[in-house]
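Encoded as structure tokens, the structure appears first; notes follow it.
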Ligand code: GDP
Ligand code: IMO
Ligand code: MG
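In the numbering used here, the protein residues as written are 54 to 488.
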């Protein structure tokens, strides 16, 4: 393994439409980290960790929680459903995983309240065939309230008077929308308030100044790992809008969502599957509707870790990935799920797009054009050998090595980590992001 000189802060993020295997890789790298931080998204995320055959799916708690020496933080950019967080913490406790004293949460995290979930649900239903296919967790409505400057944060749930004062006008407004616009049920303010106060009391001891902790840790030379949620193509600004999530999943989110500065980021690890998946609606140029797509879905067990929905599957898209590398300043790539392609006779990579039968340059800047583009492919021979759990790049079959080398060339970033199985120890770190 070659070494990078002393990287102290590493950001791990998805370069596709999510579910690239961020959780597995964060868990692996967290063995070297002092702190692991989530900075955007909410419990729409589902990050799977498999250690010694035991599976754990995390939604809000950072994927450093299984590494006993890591402190886990949730930064201000995360939207938190107090009820969902309590459920997750209870589940962890039930499995003997201690979180008190090991998890800190920013009090200014926007709160996802029951009316956000109700709004998400009725809006999606009203969109009919144009639905985004959200996770139904209230993510969009909660971020909207935050940006509209009427949202509540976790700190507001600690004091009955303060909560009442902020909740009343917000709930009046949302109940009006729910009942008058969507003809749905109103939510009871006193019930929402009482539940929120109970949850606030439960969460109070977790609250901490996350930004301050991060700056102190950085000054002390400690190692910090930032855990992204979702993926680059779901970014609210740079993704396939409107079929995106409501946060910045690209690298800037690590700064705004935690309070560290861009110059404090030493290394960005961009995670990509060896192919592409997407869950929910929206354009997906390399999507496969044939037996190969089905084979990838079955072999890759491509079902959403949060909603259980089938993930759509397709070939690797080097154009979208090259864009993701630039948008995030990716230092190194981590390729996951190479083993899923093991049985295929040939594999394809999208190396360009066409529109109206004509090749186009790069990535369409007009987002409405995404649904009109057709992929242009390069076909490579498959390897048809088992790659599961290999421990070096040289151990791979020749054609798998050719595939990875071509990926690097087309995407414009080197592969630093390779994953060929869901278990923590299945795969290999070629270049250690922390050095
Ligand atoms: P995340 O949201 O990016 O953390 O990814 P998910 O956990 O939602 O989805 C990734 C899925 O792929 C999980 O079921 C992982 O256990 C699994 N996985 C991760 N890496 C590999 C790999 O290299 N090979 C295989 N076969 N499965 C993997
Ligand atoms: P992780 O962190 C994959 C998708 C939803 C939907 C769109 C908007 O596990 O990679 P939202 O509920 O966020 O308003 O839904 O975003 N989506 C994800 N897809 N992985 C995720 O997270 C996702 N989180 C949201 O399916 O298309
Ligand atoms: Mg996931």
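Every residue, glycine too, gets a C-beta built ideally from N, C-alpha and C.
Keep in mind it's a predicted model, so treat the numbers as computed, not measured.
In the DSSP secondary-structure assignment, residue 434 is bridged to 399. Of 390, 320, 411, the smallest CA-CA separation from residue 353 is found for 390. Taking 8 Å as the cut-off, the beta carbon of residue 293 is found no closer than this to the beta carbon of residue 429. The criterion of a C-beta distance shorter than 8 Å is satisfied by residue 185 and residue 177. Contact between residue 406 and residue 338 holds: their C-beta atoms lie close to 6 Å from each other, under 8 Å.
Non-local C-beta neighbours of residue 208 in its own chain, meaning closer than 8 Å and more than five positions away in sequence, comprise 160, 161, 260, ordered along the chain. Shortest Cα-Cα distance from residue 174 to any of 252, 193, 70, 157 involves 193. One thing to note: residue 210 has its Cβ within 8 Å of the Cβ of residue 249.
Note that the C-beta distance between residue 381 and residue 303 is below 8 Å.
In this structure, residue 103 sits away from residue 113, with a CB-CB distance that is not shorter than 8 Å. The segment 222 to 235 and the segment 394 to 402 do not touch, with fewer than three beta-carbon pairs separated by less than 8 Å.
Closer than 7 Å to some heavy atom of the ligand MG: that describes the Cβ of residue 100. By the Cβ neighbour-count rule, residue 75 is buried, with 16 or more other Cβ atoms within 10 Å of its own. In the three-state scheme derived from DSSP, where H, G and I count as helix and E and B as strand, residue 456 is classed as helix. Around the beta carbon of residue 200, fewer than 16 other beta carbons lie within 10 angstroms, which makes this residue exposed. Remark: fewer than three beta-carbon pairs, one from each stretch, lie closer than 8 Å, so the segment 281 to 290 and the segment 237 to 249 are not flagged as touching.
Around the Cβ of residue 269, a 10 Å sphere holds fewer than 16 other Cβ atoms; the residue is exposed. Remark: the C-beta of residue 72 is in contact range of the ligand MG, defined as less than 7 Å to any heavy atom. Membership of residue 268 in the alpha helix (DSSP H) is indicated by the continuous run 263 to 272. For a cut-off of 8 Å, the C-beta gap from residue 92 to residue 130 is around 5 Å, short enough to register as a contact. Residues of the same chain with a CB within less than 6 Å of the CB of residue 204, apart from the 5 flanking positions on each side, are 163, 198 in chain order.
The closest CA to that of residue 355, considering only 83, 96, 101, 377, is found on 101.
When the five nearest sequence neighbours on each side are left out, the beta carbons in the same chain lying within less than 6 Å of the beta carbon of residue 360 are those of 188, in order along the chain.
In the DSSP assignment, residue 379 falls within the unbroken alpha helix (DSSP H) covering 371 to 381. Rounded to the nearest whole angstrom, the CA to CA distance from residue 88 to residue 319 is 15 Å. In this structure, the CA atom of residue 464 is about 35 Å from the CA atom of residue 122.
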